[in-house]
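Enquirer: Below: one structure in structure tokens.
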Amino acid sequence: MNLTVARLTVRGLLGRRRGLLLLAVPALLLVLSIIVRAAVGQDESTTVNVLGTLALGTLVPLLGLIAGTGAIGPEIDDGSIIYLLAKPLPRWKIIVTKLLVAIGCTVVFAAVPTYIAGVILFGNFENLALAYGVGALIAGVAYSSIFLLFGVVTRHAVVVGLMYSLLWESVVGNFVSGAKTLSVQQWALSVAKRIADPGVISSTVHLPTAIPLLIVVTLAATGFAAVRLSRLTLAGEE
Amino acid sequence: MTTISIDRVSRWFGNVVAVNDVSMTIEPGVTGLLGPNGAGKSTLIHMMSGFLPPSTGSVTIDGVPVWKNQEAYRQIGLVPEREAMYDFLTGHEFVLANAELHGLADPGAAAQRALATVEMEYAQDRKVTTYSKGMKQRVKMASALVHDPAVLLLDEPFNGMDPRQRMHLMELLRRFGADGRTVLFSSHILEEVEQLARHIEVVVAGRHAASGDFRKIRRLMTDRPHRYLVRSSDDRALAAALIADPSTSGIELDWTENALRIQAIDFYRFTELVPRVAKEAGIRLLTVSPADESLESVFSYLVTSA
């Protein structure tokens with residue numbers, strides 16, 4: 005990890021409109037949780053629905069998208085990345101640092117709010133809040149690495165990332181049973197299922213499958229991003 | 043003393059050849075890379091700075107390839123053409139970050155020294171986004187100099203600068219060249235290169251058109267055939283008088299333009315000849331205008347004569 009790269013990435017992420025988005029999305033989840041709790045009371049199935057659909061299904065991929073693509077995409081787009089690359093600094097170190105910053109953002113703005121929302125909705129009963137908090141953390145790591153890779157390989161990272169989230173994770177992942185095995189959301193749910201009391205959270209992927217897939221996808225996306233960054237060229241300006 | 047070698051380098055993007063079989067050696071001192079827009083200057087600088095691999099050939103600094111060699115950046119200071127540069131930082135923060143990224147022992151002192159060199163201390167605590175183009179250029183220079191590199195590569199550094207800023211930057215680059223650094227800057231403006239570099243490399247349409255002492259190349263440019271469009275009170279009489287002089291190599295009567303199209307091979311003699319001959323023959327000159335004075339045509343001539 006390089007502290008200067010981390011500092012520049014954090015300021016870039018939080019200093020622009022992206023910073024407001026990072027704050028607004030979890031704030032919305034917390035406000036909704038308060039409203040739901042007030043309206044429905046302490047209810048297990050409502051909590052599972054809100055945390056599963058809204059937090060893990062929407063907030064975490066969205067935050068992963070904002071943090072993952074935002075950690076590197078804008079610098080590549082406007083060309084300022086050249087000041088990082090024209091240094092005797094291994095490119096993998098730049099990628100790992102940016103990934104850690106993106107993960108940090110998803111922890112602060114997605115995993116922690118998910119846990120707090122769980123506590124608001126259902127207290128600490130049945131380990132639900134903790135389970136979804138840890139699930140959000142794990143999904144945040146995978147999403148950050150995937151979206152960081154999108155930020156390196158395409159100039160339309162946000163669009164590609166949105167399509168991935170909407171089409172793959174939401175539509176295909178929910179309706180095509182085989183595709184669920186390759187869904188970050190399902191992997192995170194399988195971890196959450198293990199933490200929560202038995203029978204509360206359901207997941208279609210077993211933990212022994214989910215954990216290796218999470219590790220492989222995160223490492224592969226990070227490694228590929230580092231390779232692509234080391235081959236990044238500047239062209240077509242004339 | 044560091045030397046950049048470009049050996050039989052070509053670079054193409056799909057079907058477009060941006061650089062075509064170029065070989066040149068950039069020695070210590072200031073070298074101007076001259077050529078019209080789209081000639082391949084930026085592509086060459088991108089290859090020299092390790093941001094583009096050559097399709098064929100090699101680009102090396104002191105014999106070591108630059109592409110995918112991050113250690114080369116200990117020797118290279120790069121001033122890119124694009125302006126984006128972490129606008130949310132102050133000038134000082136930006137140069138300091140660059141010093142830290144180089145892993146310097148005392149980044150604070152190095153940043154301060156570099157900002158002093160480009161005379162930007164007075165505005166170092168202002169956000170980069172508030173800087174004028176010239177100020178941004180100087181801060182970019184400071185970031186490129188912060189690690190005291192042996193090679194300085196600048197892509198169109200004078201673009202958008204006012205005359206005073208331009209003079210200041212030129213003075214700075216002259217000093218670096220005199221210090222024994224290898225300084226290469228690109229420009230499409232002849233006068234800029236003339237003022238700063240004694241040695242120039244000319245590229246046109248991706249090809250290496252000329253190389254060497256600026257005065258020699260300037261003479262080549264001046265000695266090329268010049269074409270003029272001339273209208274007068276008696277075109278035929280003027281044509282007869284001009285063609286008798288060896289400075290004129292051809293004259294055509296253009297009926298549609300109602301003018302003479304003249305090709306001169308001795309620029310200085312011809313410019314003196316036209317008014318003298320007209321005066322002696324009692325002919326009134328209505329129009330004397332160069333027909334091919336664009337930089338592109340000058341460069342094209344160099345390519346065909348190279």
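Protein sequence lines correspond, in order, to chains X and P. For the first sequence, the residue numbers in the working numbering are 5 to 242. For the second sequence, the residue numbers in the working numbering are 43 to 348. Virtual Cβ for every residue (Gly too), placed ideally from N, Cα, C. The structure displayed is predicted, hence computed values, not measured ones.
1) Nearest by alpha-carbon distance to arginine 159 of chain X: which of X:Leu236, X:Gly122 and X:Leu134 is it?
2) Could you tell me which chain P residues have their CB closer than 8 Å to the CB of threonine 8 of chain X, listed as they occur along the chain?
3) Of the choices P:Asp287, P:Ile293 and P:Arg326, whose alpha-carbon is the least far from that of serine 275 of chain P?
4) If the cut is a Cβ gap below 9 Å, which residues of chain P does threonine 237 of chain X touch?
5) Straight-line CA distance for arginine 95 of chain X to serine 234 of chain X?
6) Report yes if the C-beta distance between valine 170 of chain P and alanine 153 of chain P is below 9 Å; otherwise report no.
7) When you compare only the Cα positions, how much space is there between proline 65 of chain X and leucine 32 of chain X?
8) For the candidate residues X:Asn6, X:Ile76 and X:Val40, whose alpha-carbon lies nearest to that of leucine 153 of chain X?
9) Step through the CB atoms of chain P and report whether any lies within less than 9 Å of the CB of alanine 230 of chain X.
10) Mark proline 267 of chain P as exposed unless 16 or more other C-beta atoms lie within 10 angstroms of its C-beta, in which case mark it buried.
11) Mapping the DSSP letters down to three states, classify glutamate 294 of chain P as helix, strand or coil.
12) Which residue from P:Asp129, P:Leu295, P:Val121 and P:Thr102 puts its Cα closest to that of leucine 167 of chain P?
13) Below 8 Å CB to CB, which residues in the same chain sit around glutamate 241 of chain X once its five sequence neighbours on both sides are set aside?
14) On the CB-based measure, 16 or more other CB atoms within 10 Å of its CB, does isoleucine 219 of chain X come out buried or exposed?
15) Comparing alpha-carbon positions, which option in P:Ser289, P:Arg50 and P:Gly56 lies nearest threonine 67 of chain P?
16) Compare the C-beta of aspartate 82 of chain X against all C-beta atoms of chain P and say whether one is closer than 9 Å.
17) Using a cut-off of 8 Å between C-beta atoms, extract the partners of glycine 16 of chain X located in chain P.
18) Assign glutamate 360 of chain P to one of two classes, buried (16 or more other C-beta atoms within 10 Å of its C-beta) or exposed (fewer than that).
19) What ranges does the alpha helix (DSSP H) occupy inside the stretch 148-227 of chain P, keeping only unbroken runs of at least 4 residues that lie completely in it?
20) Just the C-alpha distance for valine 193 of chain P and leucine 232 of chain P, rounded to the nearest angstrom, thanks.
21) Locate the beta strand (DSSP E) running through serine 47 of chain P, then write down its first and last residues.
22) Smallest Cα separation from threonine 118 of chain X: which of X:Ser206, X:Gly83, X:Ile142 and X:Arg232?
23) Within the 9 Å Cβ cut-off, does serine 52 of chain P reach chain X?
24) For threonine 73 of chain X, tell me which candidate among X:Gly144, X:Ser37 and X:Glu173 has the shortest Cα-Cα distance.
25) Run through DSSP, which three-state label would methionine 5 of chain X get?
26) Checking contacts by CB at 9 Å: is isoleucine 150 of chain X closer than that to chain P?
27) Could you spell out where the alpha helix (DSSP H) holding threonine 102 of chain P opens and where it closes?
28) Going by C-alpha distance, which of X:Val138, X:Ile98, X:Met167 and X:Asp81 is nearest tryptophan 191 of chain X?
29) Put asparagine 79 of chain P into one of helix, strand or coil per three-state DSSP.
30) Beta strand (DSSP E) containing proline 317 of chain P: first to last residue?
31) Considering only their Cβ atoms, is the gap separating valine 272 of chain P from alanine 301 of chain P smaller than 9 Å?
Expert: If we stick to the structure as given:
1) That would be X:Leu236, whose Cα lies nearest to the Cα of arginine 159 of chain X.
2) Residues of chain P whose Cβ lies closer than 8 Å to the Cβ of threonine 8 of chain X are, in chain order, Ala139, Glu142 and Leu143.
3) Across the set P:Asp287, P:Ile293 and P:Arg326, the C-alpha of P:Arg326 shows the shortest separation from the C-alpha of serine 275 of chain P.
4) Going along chain P in sequence order, the residues near threonine 237 of chain X (Cβ under 9 Å) are His88, Phe93, Leu94 and Pro95.
5) One Cα belongs to arginine 95 of chain X, the other to serine 234 of chain X, and the distance between them is close to 6 Å.
6) For the pair valine 170 of chain P and alanine 153 of chain P, the CB atoms are not nearer than the 9 Å cut-off.
7) Rounded to the nearest angstrom, the two C-alpha atoms are 15 Å apart.
8) Put simply, of X:Asn6, X:Ile76 and X:Val40 the residue whose alpha carbon is nearest the alpha carbon of leucine 153 of chain X is X:Ile76.
9) The beta carbon of alanine 230 of chain X does not come within 9 Å of any beta carbon belonging to chain P, so the residue lies off that interface.
10) Exposed, since its Cβ has fewer than 16 Cβ neighbours within 10 Å.
11) Residue state, collapsed to three classes: strand.
12) For the record, residue 167 of chain P in the displayed sequence is aspartate; it is not leucine. Ranking P:Asp129, P:Leu295, P:Val121 and P:Thr102 by Cα distance to aspartate 167 of chain P puts P:Asp129 first.
13) At glutamate 241 of chain X, the pLDDT of 43 sits below 50, so the modelled position is not reliable; the number obtained from the coordinates is stated separately. If we look at glutamate 241 of chain X and ignore the five residues flanking it on each side, it has no Cβ neighbours.
14) Of the residues assessed, isoleucine 219 of chain X falls on the exposed side of the cut-off, its CB having fewer than 16 other CB atoms within 10 angstroms.
15) Taking only the C-alpha atoms, the option nearest threonine 67 of chain P is P:Arg50.
16) Interface residue, yes.
17) What glycine 16 of chain X touches in chain P: Tyr128 and Phe130.
18) Since the first and last residues shown for chain P are 43 and 348, residue 360 of chain P lies out of range.
19) With a minimum length of 4 residues, the continuous alpha helix (DSSP H) runs that stay inside the stretch 148-227 of chain P are 149-159, 175-187 and 205-220.
20) One C-alpha to the other measures close to 23 Å.
21) First-last of the beta strand (DSSP E) with serine 47 of chain P: 46-55.
22) Checked all of X:Ser206, X:Gly83, X:Ile142 and X:Arg232; the closest Cα to threonine 118 of chain X is X:Ile142.
23) Interface residue (Cβ-Cβ distance to chain X less than 9 Å): serine 52 of chain P is not classified as such.
24) Check the Cα spacing between threonine 73 of chain X and each of X:Gly144, X:Ser37 and X:Glu173: the tightest is with X:Gly144.
25) Of the three classes helix, strand and coil, the one that applies to methionine 5 of chain X here is coil, per DSSP.
26) The beta-carbon of isoleucine 150 of chain X is placed no less than 9 Å from the nearest beta-carbon of chain P.
27) Premise fails: threonine 102 of chain P lies in the beta strand (DSSP E), 98-103, not in any alpha helix (DSSP H).
28) Checking every option, the nearest Cα to that of tryptophan 191 of chain X belongs to X:Val138.
29) Judged by DSSP in its simplified three-state form, asparagine 79 of chain P adopts coil rather than helix or strand.
30) First-last for proline 317 of chain P: 309-323, but that is the alpha helix (DSSP H), not the beta strand (DSSP E).
31) The answer is yes: Cβ separation under 9 Å.
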